[in-house]
Structure formats: structure tokens, C-alpha cells
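Chains as they are written, first to last, in the working numbering: chain S, 111 to 646; chain R, 26 to 71.
Where is the CB? At the ideal position from N, CA and C, for every residue including glycine.
Note that the structure is a prediction, hence the values are computed from the model and not measured.
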Amino acid sequence: MSNKENWGSRVGLVLAMAGNAVGFGNFLRFPVQAVQNGGGAFIIPYLVCFLLMGIPLLFVEWSIGRHGGRYGHHSTPFMMGAMDKRALWKYIGVFGIFSNIAIAAYYCYLESWTLAYIWNFISGAFHGKTSEEVSAIFGNYVSLSNGTGGFDIMPIVFWIICLAMNTYILSRGLSGGVEVVAKIGMPLLIIFGIFLAYKGITLKAGQHGAINDGTLGLNYLWTPNFDSIWTPKVWLAAAGQIFFTLSVGMGSIQCYASFVKGKDDIALNSMSAGWMNEFVEVVLGSSIIIPISVGYLGIDKVAELAANGGLGMGFKTLPYLFEQWGPTLSVVSGIMFFSLLFFAGITSSLAMGTPCMSFLEDEYKWSREKAALTFGLVILVLGLPTVLFFNYGVFDEYDYWAGTVSLVVFALAEVVLFSWVFGIKKGWAELMEGADIKIPNVYKYITLYITPVLLGAVFIASLPEIWSKIINKDIYEKIGAATDSTVIAELQKTLLFVNISRIGLIFVFAVIAFMVYKAYQKRLKEGKNLTWVQQL
Amino acid sequence: MGTTALIMMISAEGIIILFTAYFFWKVLVTPPKKEPDSYSDNDLVI
């Protein structure tokens, strides 16, 4: 059986690509990054990084994908192998399957929280609760505790439901599953986002218990501190945000693009999907969580909460604030906010499933249904530790190595392959084949020189942190500072789980690399190298 | 809202809305390419 997937429509492809990029970070990470890095001035390095790193990476990934698709490759090991015959690239391409599997393993759990919170709003679980009680619901949820010392199975139930939904949609294929979800999910996400942004901006002091206008939150987020622009930390934060918001360095964009027909446009499509993500992030993302939180809690408290990240604000704080809007509006707003996060999540997790499935379908001739089921089962097994041992750092460990470090390494490698090994001339010709817009020639030079340097800078700047992680510096420091034997025992347990998680991730990478090796050997036996094309 | 915050917000969001709308509009109005009408058109060109 060969891979006969196709996109049903151009709009479907753009929405699926935009959905792949739009994730939790658009609503929870961007606003927090902005307030912590110069407020309104953050947008300057942010947009510069989008133009110099984000857009070139989109061009590179769409081009690598469609080029691979010409030879029937829909996963990065073989796409990269088709660009340069040295074996190294095939094994670097393993990152493009590995990252998706490892990220999906914890991301689907995160996605399932939104389902649980939608249910909580429907069932009135937050009704009449104090802010501390609402916040505790989240703590209990991730601890699998029912709040009275017993075990709560519901987080596992919601997680399984979420996995089943992903598996089923993936089994329906690109046009029958992924594209349908994107066509429904993205417009709804934007409509819900506009509604919540409107509510956030028009919030008035004294209305529904608010102590400030929502515009004070906007003022807090957008007031520029221009001195911060000269700080390298702010540029790194901006580059990091651009990098993660576009879902580049994962292998999912290449996979989606590999199903674009050889003479169809990728230049305009990539720009449309990329800018759509920016609209959701900057326009909608900045107008919800910060204005509503500042409206109720004030700037000082929000600054304190922001220091702990946007995830806590979204799941611990916002449900309580929505509850202040009265019985009906609180339920409507809560359902809208967590549905918006759910759509943002599922359109991303579906994109994570596709490269793994395509690899199995292309190289091992598995049926789509079998590949989808296998992906679901692998995520179940790999994700279980993140559910059961969330408080022992397993989730964060997956996120750091697969969701952060791997992406930077892979993006750096692919931009070098595209610009310097495959050659910018051939790469540019691939990008411009069938293009519906003219890309300024300056982008050729940006892709050749500036993007690799920027990515290299991001990678080099993160090396000290990577080393600290490798030696578990943070955990050992906590153990050294702790005096309570129970705390020390818990930290030692965390250390154990963190190390086991790492070994598990290395094992997953090794298994995929071995499967790539076997698939390549099989191809050679059949006399099909990576630029072999089936004759019609 | 302060003036500088307002200027930053309107200019940043304005630029993003304009580009998003322009590219998406182009996607919607650009007619699809005709299907290749011969086997030679389907051949791989690298």
C-alpha cells in the first residue's frame, strides 16, 4: 500500500498549517514573554526575529517538504536524504519524527486538561469557589488527587479520550480528518478569541468585581521599555518565542508540505499560514489573559503570577476570574476559552502524528489506520509517565529535550542543509516553483547568512542551560539546600524520574534511527535510492 | 491607555492584521492551477 494522501483544498492546507503553528503558547506564553521582556518594546525584536528567522525557516521547511514529496517522501529522514546522499542527513532527519512523538506524548496530556476544564465549567465545578480553591483544583488534577487524599481517575479518562480523538481523526487521513478539524477548529478559535478579547478589553473597574479597567492590562503589556531592546536576553526571548510559536524545527511542516502537488504554490501558502499564526498570537493572545487578569488582580499580582509562567495563569487563575462574570457568562466564557485552547492544541497534535504515520506508511507500507493506531499506542505508552509522575518533572523533561533543544538543533541543521549543502540556488528554485507571489531576493541572502547565524546564536546561548540540565544542577542545588528529609526524598525521587525520562527519550530516538536504517537498507535491496521515482 | 502603549499596540497589530488579511485574501482569490494535461507534464523536473 502506498501513501496516496492529498490535501482537499488550498484553504484547508493553509488552515491546517496555521493550526499546526497555533498552540497554547499563542495565548499563554506570548503575553507573559512580552510583559517580562520590555512590554510593547518586545514586539520590535519579536517582529525582527519573525522576518529574519521565522519566515526563512517557513520557506526552508515548506521547500524541503515539497521537494521530498516529489520523490514520495513524507518524513524528514528521507526528505533530507533526497537532498544530500550522505547518511548523516538521514539520521539528523530522525529528529523530525522523534520530536513529534516525544512532544505529542506530553502535549496530548496538556490538551486533555482543556477538555477537563470545559467539563468543569459545564458541571459547575468552579461555582462558588474561592480563588485558592479554584487554583487547588489544578494542583489536585495534575497530582491525580481528588482533594481528600484519594485517587482521581478523571485526568486519565480525559487523557485517554483525547488520545482516542487524535487517533481517530488521524486515521481519517489528511483531507478527511486533519483538514476537516482545521476548517472547523480555526474559525471557531478565532471567533472565540475575538469574543474573549472584546470582553477583556471592555472590562470596566467595578463591573463584575473588577478593580481595574481591562485597558490597564493592555497598557501594562504594550507600554514599551525601549532600554530593554539593547539587552541580549530580550532578543533571545523574542527569537525563542518566534521559534516555538511557528512550530518550526519539528518536521511537521515538512510533512504537511510534502503532500502539496509539485507545481502548486508554497510561497504564498507559507506566508499566509505564518502571518495567521502571528494574528492569533499578537492580536488575540495579547488581549485576553493579561487584560482580564490585571482587571481583577492588579499589575503587581499579575507580574508575580507571570513569573511562574502562563500555564498557571490560564488554568489556576482565569477560571476563577471568569466565575466573576455571573452564572451564564462565566460558563460561556470558560467553555470558549478552554475550547479555544483545545482547538489550538488538537490542530497541533494532529500535525505531530502525521510525520510518524507517513514514515510507517511510506517505508513499511502500513495502512493509514494501522499507522494511526500505532501512533496512538506509542503516545499512550510514552505519555503515561507524564500523567502519572507529572509532579516529578517527567513532563518538563520531555518538554525541555524534545520540545526545546531538539527543535533548535534540527532547525539549524536543516537550514544549513538547504542553504549550503543542497544549495540556495536549487533551494530557491524549489520555493519559487509555482509560486503565486514574488519573494524579495533579499530573503535568499537572509536564509543563507542571517538565519543560520541567528539560530546558532540561540543554540550557543542555550548551551550553559543545557549543561546545567545534563548535570541536574537545579535538582542537586535544591537537595543541598533542603533540610527536611521528606523533601530530600522527594527530590531524589524527582532525580530518578528525570534520569529515567532522559534514557527513555534516547531509547525512542535510537529505535526510530534503527527503523530508518532498516527502511533504507530495504530500499537499497529493492534498487530504490532516495531520488528514485516510480515511473507512471 | 498611555499614548506610547497605544501607538505600539495599534502599529504592531495594524501591520499584522494587514499582512494576514492580504495573504489570506490572495490565497482565496488566486485561481487554482490547471491540472497537467499530459504525461510529460507530470514528469519530474529538477
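{"Query": "Decide yes or no for the touch test of the region 174-184 of chain S against the region 427-446 of chain S: beta carbon pairs closer than 8 Å, at least 3 of them.", "Result": "no"}
{"Query": "Does the Cβ-Cβ distance between N130/S and I363/S come in under 8 Å?", "Result": "yes"}
{"Query": "Shortest alpha-carbon distance to G148/S belongs to which of N329/S, F617/S and F425/S?", "Result": "N329/S"}
{"Query": "Grab me the residues of W269/S's own chain with a C-beta within less than 6 Å of its C-beta, minus the 5 sequence neighbours each way, in chain order.", "Result": "Y219, S222 and V497"}
{"Query": "Which residues of chain R have a Cβ atom closer than 7 Å to the Cβ of R139/S, listed in chain order?", "Result": "The premise fails here: R139/S is roughly 17 Å from chain R at the closest Cβ pair, so nothing lies under 7 Å."}
{"Query": "Look at the Cβ atom of F137/S, then the Cβ atom of L451/S, and state whether they are nearer than 8 Å.", "Result": "yes"}
{"Query": "Can you look up P429/S in the DSSP assignment and give me helix, strand or coil?", "Result": "helix"}
{"Query": "So, with DSSP's three-state summary, where would you put F261/S?", "Result": "strand"}
{"Query": "Evaluate the contact criterion for the region 418-436 of chain S versus the region 162-174 of chain S: three or more CB pairs, one atom per stretch, below 8 Å.", "Result": "no"}
{"Query": "Give, in chain order, every residue of the region 114-129 of chain S whose Cβ lies closer than 7 Å to some Cβ of chain R.", "Result": "R120, V121 and V124"}
{"Query": "Taking 8 Å as the CB-CB cut-off, is G361/S touching chain R?", "Result": "no"}
{"Query": "How far does the alpha helix (DSSP H) with D509/S in it reach, from first residue to last?", "Result": "V504 to Y510"}
{"Query": "Taking the alpha carbon of G533/S as the point to measure from, which residue in L161/S, I174/S, F152/S and L125/S has its own alpha carbon closest?", "Result": "I174/S"}
{"Query": "Where does P334/S fall in DSSP's three states?", "Result": "strand"}
{"Query": "Looking at the C-beta of G135/S, does it have a partner C-beta in chain R at a distance below 8 Å?", "Result": "no"}
{"Query": "Please list, in chain order, all residues of the same chain as Q602/S whose beta carbon is under 8 Å from its beta carbon, the five residues on each side excluded.", "Result": "I589"}
{"Query": "Return the residue from the list S338/S, F607/S, W332/S and I622/S that minimises the CA-CA distance to Y474/S.", "Result": "I622/S"}
{"Query": "Using a 10 Å radius around the Cβ and a threshold of 16 neighbouring Cβ atoms, would you call S380/S buried or exposed?", "Result": "buried"}
{"Query": "Would you mind giving the Cβ-Cβ distance between A348/S and Y227/S, rounded to the nearest angstrom? I have them listed as a contact below 8 Å.", "Result": "Incorrect: roughly 30 Å between the Cβ atoms, too far for contact."}
{"Query": "Tell me which residue opens and which closes the alpha helix (DSSP H) that A623/S is part of.", "Result": "S595 to K635"}
{"Query": "Just confirm the distance between the C-beta atoms of D375/S and D262/S, as a whole number of angstroms; I'd bet it's less than 8 Å.", "Result": "Actually they are not in contact, since the Cβ atoms of D375/S and D262/S sit about 49 Å apart, beyond 8 Å."}
{"Query": "Can you tell me whether S119/S is helix, strand or coil according to DSSP?", "Result": "coil"}
{"Query": "Determine the burial state of Y308/S: buried for a count of at least 16 other Cβ atoms within 10 Å of its Cβ, exposed for fewer.", "Result": "exposed"}
{"Query": "Using 8 Å for Cβ pairs, my map puts F140/S next to T355/S. What's the rounded Cβ distance?", "Result": "7 Å"}
{"Query": "Does DSSP classify G149/S as helix, strand or coil?", "Result": "strand"}
{"Query": "Quick one: which unbroken alpha helix (DSSP H) runs of 4-plus residues sit fully inside the region 278-335 of chain S? Chain order, please.", "Result": "289-311 and 324-332"}
{"Query": "In its own chain, which residues sit with a C-beta less than 6 Å from the C-beta of E433/S, not counting the 5 before and 5 after it?", "Result": "F236 and S440"}
{"Query": "Spatial neighbours of N318/S within its chain, please: C-beta separation below 6 Å, excluding the five flanking residues on both sides.", "Result": "Note that residue 318/S is His in the sequence shown here, rather than Asn. Taken in chain order, the residues that qualify are Q434 and W435."}
{"Query": "Do G408/S and N322/S come within 8 Å of each other at the CB atom, strictly closer than that value?", "Result": "yes"}
{"Query": "Please tell me whether V525/S and L470/S are closer than 8 Å, where the distance is taken between their beta carbons.", "Result": "no"}
{"Query": "In the DSSP assignment, what residue or residues form a beta bridge with S241/S?", "Result": "None; S241/S has no bridge partner."}
{"Query": "So, is W50/R buried or exposed, given that buried needs 16 or more other C-beta atoms within 10 angstroms?", "Result": "exposed"}
{"Query": "My output table needs one value for S357/S: the three-state DSSP class, helix, strand or coil.", "Result": "coil"}
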